[in-house]
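So the sequence lines, in the order shown, correspond to chains W and Z. Residue 1613 in this note's numbering sits at position 152 of the first sequence, and the numbers go up by one each step. Residue 226 in this note's numbering sits at position 202 of the second sequence, and the numbers go up by one each step.
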Amino acid sequence: MKEEDTQDLLDLASELRWEVGENFHDTLVEGIYTDAAQIAQKTEIKQGEPNPYSFERKLDQVLTSKKYGFPIMILILSIILWLTIQGANYPSALLASFFLEFLHPILKTGASQVDLPWWLDGFLIDGVYLALGWVISVMLPPMAIFFPMFTLLEDFGYLPRVAFNLDSLFKKSGAHGKQALTMSMGWGCNAAGVVATRIIDSPRERLIAIITNNFSLCNGRWPTQILIATIFIGALVPDGFSSILASIAVIGVALLGVGFTFFSSWMLSKTLLKGEVSTFALELPPYRPPNLWTTLYTSLIDRTLIVLWRAMVFAAPAGAVIWLISNIYVGDLSLANITIDWMDGFGLFFGLNGVILLAYVVAIPANEIVIPTILMLTVAHLNLMGAGDGVMFELESTTETAALLHAGGWTLLTGINLMLFSLLHNPCSTTIYTIYQETKSWKWTVFASIMPVILGFLVTFLVTQIWQVFH
Amino acid sequence: MILLNQGYVLLFFATLLVVFFILKKYQYSLRSLLPFKYIEKSITEDLLKQLYHVTSSQKTTDFKMLSGALKIPERKILKVVESMTQKGLILISDSHVTLTETGKNYALSIIRIHRLWEKYLSEKTGFDKSLWHDLAETKEHQLSEEETEALYEELGRPRFDPHGDPIPTALGEMISETGTSIVGIPKGTVAKIIHIEDEPKSIYRQIIKEKLHIGAHVKILTSENHHVIFESEGHSIQLSTVVASNIQVVLLNSQEVYEEGKVRLSSLIEGEHATILGISTECRGANRRRLLDLGFIKGTLLTLEYMGPNQNPRAYRLRNTLIALRNDQADFILIEKPQYDRTGSL
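Here it is, written out as structure tokens:
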């Protein structure tokens, strides 16, 4: 072919492209899809008329009905949370007494018998070992109860129906119905909740779910909430009512977290994330009897143990740091005391104090060790006799803890603000690491870590302001 | 102790917030406050575009009108015009301004970037369509020639932007628009929408609220002096003449049939069956692929199984699978209910 002919042909092609219109590619592709579907339909042999849906259909009609859909959902979720919190108490106490009361003294004795230098003994056993023991005993039981139950519901096919029922609510804040599931998963553990966002296939909604998962009160924070609510809020009313009021306060904080999830989802979808691609699709798989053993195995190995392992990896150095700052002295004061004094003014400005802030800094690896760290730091700061410098501990009774905290200058305002700050602060380092793993973006990891802290300071600041108006 | 008066802190943040919102709201008009050298390029390009549109609609313009259209003070316009004349982009005779050949090609290259960027926003991002124009308005001054060509390749060499406007080729070729306004077409005519003008924004918003889109078939029901009523995808729509004149249509060609029974999936009621006719062109990019992947393909039978507690999303059964779709997605899927089923295969 001559060069001119080629050029003519190309010109003609270019001209014709104007005429075939905008979407001839799509039409072509869809034509192929349609043909394939028709060929498949013709050649596919169906055995018998498929009508196994009658039971399923009835179940769906109940579970997604206007009348019963929401009550059933709330009931099931409350049962799971109650079983987790109550059921975890006994194994947690058992593990704690084994690791902290039984094994710890043995290790100490062993260390002194082999003449380990005091600093190595303290660093390894009082620092690293105690932090690990604490994390395992507080974290393992609730996860081992919560995740299997959750996985069973998932396997049965109920969870997609929950997403279906709640989607219209989440849609209002620009999120996906499946975020209901990752949010409830976050009540077990935020890191697991972040991993669970893989079920959301729309990029924008998935990022929203990842960033806001931290507003779900995870099981490392429930004990803090319950303890502080009992000491400071329960004490406001006569003994008989105190546990009720304390529970209401804790549930209130958890619901506030849900509120913040919706609010920040809405803000994100309207501002930072409005350019991300957003699609929706929700498959409602058929119901099937869950496979108990497989479920137990996968939820224990895949979810519980992996998360626990990550938490341990991060908690070990935290334990070391906690011990070190309490045992390294500059002049007359330990590093911990210097930092506490330095941060106190800043803390009080937000209705918190230096001890709380320092505890949250060193306890980034695990929310579980916040309370033991606070107690240890308070004792060290007041120069009282605790378990020893840099040794975390918990007191036998709530009354003793209350007395210690009051001695540390805590008021009702400090209690309320600690509860709020425990809800609104940076995710633990396991979660931060998981967010990076899932998003592969430093930008979103940093944003998801910083945003809640800023919100936390803002809220505690406002509460403090309002408080000061009335006092 | 940190000594901070808490009242001042609050005041400081409040001021920051107010300043931020003012800047955001008036960022376009405020651009004329920037030093001249930073805004010369964008003013030049906006002027060229404006002149191109004025010329192609066979009108004339003067500096006052240009100043008003671009929201830039006249003295700045004059300054830019001076340097544009020196560069040979425009000619001035009396107070009339005309484009030279170089100027016209420059204008077309800017229009090319603008329309390609709108195409990009529609295919690859989640920005709402009411934002496309403004975003492209900024981007058109920023993309280099190489970046534009890379974008063109990435998008699969598109010829039309999402509003149905032709995208000029790199050589500056472009077909002229052939559609006629939907206003003034006699009653009973069937036609296809080929262009929806995205400016002015208030009118564009009214059109997209009716979920009208390019490629949709329309049938004129009444055409009066002050309003037009027409049917599209099973909905009867009434628009005032001002609004409707921003919609351009062409008559259906010989291969296209007006599908009388073509309605939106969202009109299906519980337990009803239907056959899918296709997905509207308004559903683009990832959303479109998603629906195709799920099997929402022409010729597929589906049933509305149940509505859920809020009527949104709704669960549809197709190919023995239950899939929930939101109602705004169901608006994109066009179906035919059995009474219109010509093949009678149900």
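Quick reminder that beta carbons are idealized off the backbone N, C-alpha and C, glycines included.
Interface flag, residue i vs chain Z, CB-CB below 7 Å
| i | result |
| --- | --- |
| W/F1998 | Outside the modelled stretch of chain W, which goes from 1462 to 1932, sits residue 1998 of chain W, for which no answer is possible. |
| W/N1626 | yes |
| W/T1765 | no |
| W/L1729 | no |
| W/T1906 | no |
| W/T1759 | no |
| W/K1527 | yes |
Cβ-Cβ distance between residue i and residue j below 7 Å
| i | j | result |
| --- | --- | --- |
| W/F1721 | W/F1676 | yes |
| Z/E306 | Z/H237 | yes |
| Z/G295 | W/T1525 | no |
| W/G1870 | W/T1839 | no |
| W/A1781 | W/G1588 | yes |
| W/A1417 | W/V1596 | With chain W running from 1462 to 1932 in the structure shown, residue 1417 of chain W is simply not present. |
| Z/L301 | Z/I359 | yes |
| W/A1652 | W/T1895 | yes |
| Z/L342 | Z/L328 | no |
| Z/L123 | Z/I114 | yes |
| W/I1692 | W/A1863 | yes |
| Z/I137 | Z/E177 | no |
| W/F1608 | W/R1749 | no |
| W/S1739 | Z/G150 | yes |
| W/L1865 | W/V1714 | no |
| W/S1949 | W/S1663 | In the structure as shown, chain W begins at 1462 and stops at 1932. Residue 1949 of chain W is therefore absent and cannot be evaluated. |
| W/F1931 | W/P1751 | no |
| Z/I232 | Z/N270 | no |
| Z/N203 | Z/H219 | In the sequence on display, residue 203 of chain Z carries Gly and not Asn. Contact flag set, yes. |
Contact with chain W by residue i, beta-carbon distance below 7 Å
| i | result |
| --- | --- |
| Z/N277 | no |
| Z/G368 | Only weak support is given to the placement of Z/G368: the predicted model assigns it a pLDDT of 41, under 50, and the value that follows is read from those uncertain coordinates. False, the Cβ-Cβ gap to chain W never drops below 7 Å. |
| Z/F151 | yes |
| Z/I232 | no |
| Z/E164 | no |
| Z/R229 | no |
| Z/R314 | yes |
| Z/L346 | yes |
| Z/Y364 | The pLDDT assigned to Z/Y364 is 48, lower than 50, so where the model puts this residue is not dependable; a value taken from the coordinates is nonetheless given after this. No, no contact with chain W. |
| Z/N311 | yes |
Chain-ordered chain Z contacts of residue i [CB-CB under 8 Å]
| i | result |
| --- | --- |
| W/W1479 | R183, P190 and I199 |
| W/K1969 | The requested residue 1969 of chain W does not occur in the structure, where chain W is confined to residues 1462 to 1932. |
| W/K1633 | Per Cβ cutoff of 8 Å: no residues; W/K1633 is ~10 Å from chain Z at best. |
Proximal chain Z residues relative to residue i, where beta-carbon distance stays under 9 Å
| i | result |
| --- | --- |
| W/V1930 | Per Cβ cutoff of 9 Å: no residues; W/V1930 is ~11 Å from chain Z at best. |
| W/K1901 | Residues of chain Z passing the Cβ test: none, with the nearest at roughly 19 Å. |
| W/S1629 | G332, P333, N334, Q335, N336, P337 and R350 |
| W/K1519 | Under the 9 Å cutoff, chain Z gives no residues; its nearest Cβ is about 11 Å from W/K1519. |
Cβ separation of residue i and residue j, assumed to be a contact under 8 Å, to the nearest whole Å
| i | j | result |
| --- | --- | --- |
| Z/Q230 | W/F1741 | At roughly 26 Å, the Cβ-Cβ gap does not stay under 8 Å, so Z/Q230 and W/F1741 are not in contact. |
| Z/E280 | Z/K216 | 7 Å |
| Z/T324 | W/A1498 | 7 Å |
| W/L1769 | W/L1601 | 6 Å |
Proximal residues of chain W, C-beta to C-beta of residue i below 7 Å
| i | result |
| --- | --- |
| Z/G180 | H1486 |
| Z/T324 | A1498 |
Neighbour list for residue i in chain W, Cβ cutoff strictly below 9 Å
| i | result |
| --- | --- |
| Z/L318 | A1742 and E1744 |
| Z/I271 | By Cβ distance, chain W contributes nothing, its closest Cβ being about 16 Å from Z/I271, past 9 Å. |
| Z/I220 | By Cβ distance, chain W contributes nothing, its closest Cβ being about 13 Å from Z/I220, past 9 Å. |
| Z/I321 | E1491, Y1494, T1495, A1497 and A1498 |
heavy atom of the ligand GTP below 6 Å from residue i C-beta
| i | result |
| --- | --- |
| Z/L289 | The ligand GTP is not among the ligands present in this structure, which contains no ligands whatsoever. |
Interface residues of chain Z facing residue i [CB-CB closer than 7 Å]
| i | result |
| --- | --- |
| W/Q1522 | Y330 |
Handout entry: Interface positions of the region 1531-1565 of chain W facing chain A (Cβ-Cβ less than 8 Å), listed along the chain
Key = The structure shown contains no chain A; its protein chains are W and Z.
Handout entry: Residues from the region 1651-1681 of chain W in contact with chain Z, defined by Cβ distance under 7 Å
Key = Per Cβ criterion, the list reads R1665.
Practice task
Report the residues of the region 1708-1739 of chain W with a CB closer than 7 Å to any CB of chain Z, ordered along the chain.
Solution key: Under the 7 Å Cβ criterion, the region 1708-1739 of chain W contributes K1735, G1736, E1737, V1738 and S1739.
Problem - Under 9 Å (Cβ pairs) to chain Z, residues found in the region 1491-1502 of chain W - result: Going along the region 1491-1502 of chain W in chain order, one finds E1491, G1492, Y1494, T1495, A1497, A1498, Q1499 and Q1502 with a Cβ nearer than 9 Å to chain Z.
Handout entry: Contacting positions in the region 125-143 of chain Z - beta carbon closer than 9 Å to chain W
Key = Taking 9 Å as the Cβ-Cβ cut-off against chain W, none of the residues of the region 125-143 of chain Z qualify.
Problem - Contact list for the region 1688-1705 of chain W against chain Z, Cβ threshold 8 Å - result: Of all residues in the region 1688-1705 of chain W, none comes within less than 8 Å of chain Z when Cβ atoms are compared.
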